[in-house]
Amino acid sequence: MRKGIFYAAACYSAWGLFPIYFKALHSIPSLEILLHRMVWALVFLLLVLAARRQWNWIRNVVRQPKLLAGFAASALLLSANWFLYIWAINNDRIVDASLGYFMTPLVNVFLGFILLKERLRSVQWFAIACAGLGVLWLGWQTGHPPWIALVLATTFGMYGLLRKTAALGALEGLSLETMLLFPFALAYLIYLALHGQSAFLQTTTATQFLLLAAGPITAIPLLMFAAAARRIPLATLGLMQYISPTIQLFIGIWLYNEQFSHDRMLGFLGIWAGLLVYSLDSLRSSFMNKTKIA
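Residue numbers for the sequence shown, in our numbering: -9 to 284.
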């Protein structure tokens, strides 16, 4: 249990610190950062798979076209989410990005209702309504919907739904997704290099090493998350997920001086109220299920 909480806290804290890493790469176009992340993540994941000798799953996947198609779709959603997140950070929209990940749990619940026909309790509807009012307020006071947050939450929510029904673990699933993305990423990086448009070849050595580090920086938190999920209850893991967007929010406001007015805070408060109601209801349901089992 203690190890599980440590792993969860470590992985969510690492994800929360991602803005500092991507800010250090601000001289590289967001698309090129994404491509390098795909390439070097796969390289690192292959090293991990080799160390663990976990190759048997690949043969099984190749024989299942539907599974491959599902992971191709999740890979596209993941790449879209990664790209927008990187773009948001490097365009001084860290607060907007943090809002997206605050919203993700409630978006997951709503997507389950829409796509999986899951029944929602009245408390869950109330939580979604609170978040919806927060989003409407943010849209009204800025003159446009918080599209960065909405797209990040929706793409990650859809990605989560696809992975929820997939028959692969976290390590194997991410490895397969990066394998599917790798040929396109590598081809475009080669194209940029051949046409003299590669920022990687023109930047400093320190920045080049930072880009190479995208592999372990992407994969290690995921491995810690998988280790945490095996050791602690999902309800506990669900509550700890707010560590990441909270750190991002503080980084955006305090480290990079992004605007966070009182009007904007009201919109966040609506979403936080929805999350509080949702979290308390999840804890209650988890406790009641344990009581029934006992």
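Cβ atoms here follow ideal geometry from the backbone N, Cα and C, with glycine treated the same way.
Straight-line gap, residue i to residue j (C-alpha atoms, nearest Å)
i      : j      : result
Gly6   : Pro136 : 20 Å
Arg274 : Arg111 : 13 Å
Gly260 : Gln231 : 18 Å
Leu176 : Trp45  : 23 Å
Tyr181 : Phe73  : 19 Å
Leu166 : Ala204 : 17 Å
Phe61  : Leu32  : 15 Å
Arg49  : Pro55  : 12 Å
Phe240 : Val141 : 21 Å
Gln114 : Ala121 : 11 Å
Residue burial classification, residue i (beta-carbon count within 10 angstroms, cutoff 16)
i      : result
Gln238 : buried
Ile76  : buried
Gln192 : exposed
Ala183 : exposed
Phe174 : exposed
Thr195 : exposed
C-beta atoms of residue i and residue j nearer than 9 Å
i      : j      : result
Leu25  : Tyr178 : yes
Ile243 : Val85  : yes
Ala78  : Ile10  : no
Ile104 : Gly264 : no
Leu200 : Leu15  : yes
Phe100 : Gly147 : yes
Ala59  : Ile222 : no
Leu171 : Ser69  : yes
Neighbourhood of residue i by C-beta, 6 Å cutoff - its chain only, sequence neighbours within 5 removed
i      : result
Gly257 : Gly124, Trp127, Leu128
Same chain, Cβ closer than 7 Å to residue i, neighbours up to 5 away in sequence not counted
i      : result
Ser234 : Tyr2, Trp5, Gly6, Tyr91
Val51  : Leu57, Leu58, Leu166
Same chain only: Cβ atoms within 8 Å of residue i, ignoring 5 sequence neighbours per side
i     : result
Leu35 : Leu161, Leu164, Ser165, Thr168, Gly205, Ala209
- Item | Secondary structure, alpha helix (DSSP H): runs of 4+ residues fully inside the stretch 162 to 218 | 189 to 192, 195 to 202
- Task: Scan the stretch 0 to 32 and note each continuous alpha helix (DSSP H) run of 4 residues or more that stays entirely inside, going in chain order.
- Result: 8 to 13
- In chain order, each alpha helix (DSSP H) run of at least 4 residues that lies wholly inside the stretch 219 to 257: 224 to 230, 233 to 240
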